[in-house]
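> The following block contains the structure, expressed as structure tokens.
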Amino acid sequence: MLPCVLLACAIGVASATSVLLNSYLQPNDDIDRNTYLLNAKSNNCARICNGTEAPKICYYQWTIENYVTLSEACDNCPLNVTACYNAQCITADGYERSILSVNRKLPGPSIEVCLRDRVIVDITNNMAGRTTSIHWHGVFQKGSQYMDGVPMVTQCTIHEGDTFRYDFIANNEGTHFWHSHDGLQKLDGVTGNLVVRVPKNFDPNGQLYDFDLPEHKIFISDWLHLSADDHFPGLRATNPGQDANSFLINGRGRTLIGTQSTNTPYAQINVQWGRRYRLRIVGSLCTVCPTQLTIDGHKITVIATDGNSVAPARVDSLIIYSGERYDVVLEATNTEGSYWIHLKGLVTCVGSRVYQLGVLQYENTTTNKLHALTPDPGYDGFPQPASYRVLNPENASCSIGSTGLCVTQLANSDPVPRDILTQLPDINYLLQFGFKIFDSRSFFKAYDRYFVSPFLDLVSSTVNNISSVSPPSPLLSQRGDVPDDILCPTGADGLPQCPGGNSYCTCVHVIKIKLGALVQIILSDQTPKSGLNHPFHLHGHAFYVLGMGQYAAGQTAQDLLNSLKSNVSSVSPAPVLKDTIAVPSGGYAIIKFRPKNPGYWLLHCHFLYHVATGMSVVL
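Residue numbering for the sequence shown is -16 to -1, 1 to 603, as defined by mature numbering (1 follows the signal peptide of the UniProt record, and there is no 0).
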């Protein structure tokens, strides 16, 4: 067997020399100081996209390393708040801990480009004893499949001391993000923004906003006070489970629960009265708690999800799951002042009442006076009238009489292909995900990957009873070096299965799909008692969301599959396109797409500890 071969591709133009690329080097963004478009150089890729200029080459140099919050760079922060904004100072929620950082920023450097720009990122791994890779979440990588960043699927990992070049064309617009896809590094800080813009007149909702500024991003991440590795497989006596200790907005916040409150600065979004702003919201979450985002005194209008435009929908609040993105319009027409941006954790974070705050600041253009904030609203936030409308409620609870607005009730802004709505699929697959709970007798007989649940169970994650493992070489570049006997055997229904009808197994879970076939997949939760809404993310493609909900009494996943074999089902005449969908607890989501991007593409739960223990398949 050949060793893993690390490939770097050049696309669009010939491989560029370092000297040439330095002329295209992009500056590190500074989201706190709104410096993106000030004194911009002619090669700056964070720009207004006009549709007439030639695509740019956008070159980035990143170093991933072990780092720490409140380092020497922070000087006497938070006693001196100004010092909290020093270069290379990472405050997070004010709790000192070791982290992993990219260019000593949290989140890491943003990529801000226009459609069809060429993105080149040289990544040097300076982490001690760790490999890494970067996935460009939401970027389809059509024509650049080797750049998708999944270890042992599309590439070998980047070893300590090595530099790897990612090189791709930004061919699909929208609010995306990037993150490590190696181990648990994303939860320790290896993540950041990626936005691909189009000219405003190309956006079907472009008339709804005045500004789409690079500094108007709300990047949501969950945060632990121990490293992610310290929770894997997990502690039993102290701090069990993997729930977030805190949340961060644009890498900032405070510890707001318990006795260890801190006084580090909140993230701040600046607006001017009378203007309409596009806000790009990213759910860079890793643990099982979704978050609910509300801006005090302001409604928001949803105009896109996962990079795809939707018909405008006005809501008071939205719930965002790991891997999801939403673009909203905020109209700055309230009384000039300062307003809380309120973020609270749901599901298992309700008990611990974990929340975070940011600040929406109206700038007074004549006096530049800052306004006083109202008292901290606490975990519960603001009063909610009976008409309060929440986008993306838990368990897709949008029945008649409910004020919830589900993803399936959003309408696509673009025409939906007729075959999606009217044609029976060529392929119908049922993917049932869940957990294998080990008993002490069987657990110590093998070395299965597992994590310790909050209930102290020893758990491995599965899809169709298979806990997927990585092959020894990348499937895309070195399929011939992957022994067939470590791949899951295929059953009569065309899906991989456990050998001998076993109820649990580990193998490389690969599902073969014909290019161009019309594919329909039911994602079905086998663990209704968990209360979790698992977010599933598909690499390389987007899919139409035809339906989602919880099973009716007595209904099974097989019943649903049988009905879909003879009926075309869509709850909407204009279903939205997404690449990440949260499946209701004990329920299902029906997705449909026609794959036109050849390659090996991961479909997986975006809860980090679940994918780390096998809740994934390769299509």
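All residues carry an ideal CB built from backbone N, CA and C; glycine is no exception.
Note that this is a predicted model, so its numbers are computed, not measured.
1. Output the distance between the C-alpha atoms of Leu63 and Val174, rounded to the nearest integer angstrom.
2. What's the gap between the Cα of Arg578 and the Cα of Ala501?
3. Consult DSSP for Lys283 and reduce its assignment to one of helix, strand or coil.
4. What's the gap between the Cα of Leu166 and the Cα of Ala573?
5. To which residues does DSSP link residue 635 through a beta bridge?
6. Please return the same chain residues whose Cβ sits closer than 6 Å to the Cβ of Asp196, not counting the five positions on each side in sequence.
7. Report buried or exposed for Glu56, applying the criterion of at least 16 other Cβ atoms within 10 angstroms of its Cβ.
8. Following the continuous beta strand (DSSP E) through Phe152, name the residue where it begins and the one where it ends.
9. Short of 6 Å in beta carbon distance, which residues of its chain neighbour Thr66, apart from the five on each side in sequence? Order them along the chain.
10. With distances taken from CA atoms, which of Asp423, Thr47 and Arg260 is nearest Gln72?
11. Give every residue of the same chain whose Cβ lies closer than 7 Å to the Cβ of Thr350, excluding the five residues on either side of it in the sequence, and list them in chain order.
12. Which of the three DSSP states, helix, strand or coil, is assigned to Val134?
13. Contact defined as beta carbons within less than 8 Å: I believe Pro93 pairs with Tyr44. What is the distance between those atoms, to the nearest angstrom?
14. Helix, strand or coil: how does DSSP classify Phe366 here?
15. Measuring CB atoms only, is the segment 289 to 297 touching the segment 243 to 257, in the sense that at least three cross pairs come out at less than 8 Å?
16. Return helix, strand or coil for Val503, following the three-state DSSP convention.
17. Looking only at its own chain, which residues have a Cβ that is under 8 Å from the Cβ of Ile104, when we skip the five neighbours before and after it?
18. Do the segment 107 to 114 and the segment 542 to 559 make contact, defined as three or more Cβ pairs closer than 8 Å?
19. Determine the DSSP secondary structure at Gly475, reduced to helix, strand or coil.
20. Is there contact between the segment 154 to 171 and the segment 267 to 287, where contact requires at least three CB pairs shorter than 8 Å?
21. Go through its chain and collect everything with a Cβ distance to Ile(-6)'s Cβ below 8 Å, but skip five positions before and after it.
22. Could you give the C-beta distance for Gly418 and Gln510, rounded to a whole number, given that I count them as a contact under 8 Å?
23. Express the C-alpha separation of Leu375 and Pro359 in angstroms, rounding to a whole number.
24. Thinking just about the alpha-carbon of each residue, which of Leu507, Pro519, Asp477 and Tyr528 is nearest to the one in Lys496?
25. Let's see if you can read the secondary structure: which residues bound the beta strand (DSSP E) around Cys333?
26. What would DSSP say about Thr246, mapped onto helix, strand or coil?
27. Buried or exposed for Tyr431, going by 16 or more other Cβ atoms inside 10 Å?
28. Is it right to say Gln191 is buried, meaning 16 or more other beta carbons lie within 10 angstroms of its own, or is it exposed?
29. Between the segment 430 to 445 and the segment 203 to 223, do at least 3 Cβ pairs fall closer than 8 Å?
30. Could you have a look at Glu378 and say whether DSSP puts it in helix, strand or coil?
31. Just to confirm, is the Cβ distance from Val180 to Leu99 under 8 Å?
32. In chain order, which beta strand (DSSP E) runs of at least 3 residues are fully inside the segment 546 to 589?
33. Assuming Glu238 and Asp77 form a contact by the criterion Cβ under 8 Å, report the distance between their Cβ atoms to the nearest whole angstrom.
34. Here's the rule I'm using: 16 or more other beta-carbon atoms within 10 Å means buried, otherwise exposed. How should Phe186 be labelled?
35. Counting only the same chain and skipping the five closest in sequence on each side, list residues whose C-beta sits under 8 Å from that of Ser245.
36. Quick check on DSSP: helix, strand or coil for Gly418?
This is what the structure gives:
1. 28 Å
2. 6 Å
3. coil
4. Note on identity: in this sequence residue 166 is Asp, with Leu being the wrong assignment. If I take the Cα positions, the gap works out to 27 Å.
5. Any answer about residue 635 is impossible in this case: the structure gives the chain only from -16 up to 603.
6. Arg262
7. exposed
8. Thr147 to Ile153
9. none
10. Thr47
11. Note that Thr350 scores a pLDDT of 49, beneath 50, so its modelled location is shaky; the value from the coordinates is reported in the next line. Counting only Cβ-Cβ distances below 7 Å, and skipping sequence neighbours, we find nothing.
12. Three-state result, Val134: coil.
13. Your pair Pro93 and Tyr44 checks out as a contact, with CB atoms roughly 6 Å apart and the cut at 8 Å.
14. coil
15. Counting Cβ pairs under 8 Å, fewer than three are found: no touch.
16. DSSP places Val503 in strand when its eight states are reduced to three.
17. Ala(-1), Leu5, Tyr8, Ile41, Cys42, Tyr43, Tyr44, Arg149, Tyr150 and Asp151
18. no
19. coil
20. yes
21. Confidence at Ile(-6) is low in this model, with a pLDDT of 35, below 50, so the placement of that residue should be treated as unreliable; the coordinate-derived value is given next. Arg102, Gly127, Ser128, Asp151, Phe152 and Ile153, listed in sequence order.
22. Contact flag correct, Cβ pair sits at about 3 Å.
23. 26 Å
24. Asp477
25. Counting along the chain, Cys333 falls outside any beta strand (DSSP E), though it belongs to the alpha helix (DSSP H) covering Cys333 to Ser336.
26. Annotated three-state conformation of Thr246 is coil, per DSSP.
27. exposed
28. exposed
29. yes
30. helix
31. yes
32. 564 to 567, 571 to 577 and 586 to 589
33. Contrary to the premise, residue 238 reads as Arg rather than Glu in this sequence. Correct: roughly 6 Å between the Cβ atoms.
34. exposed
35. Arg238 and Thr239
36. strand
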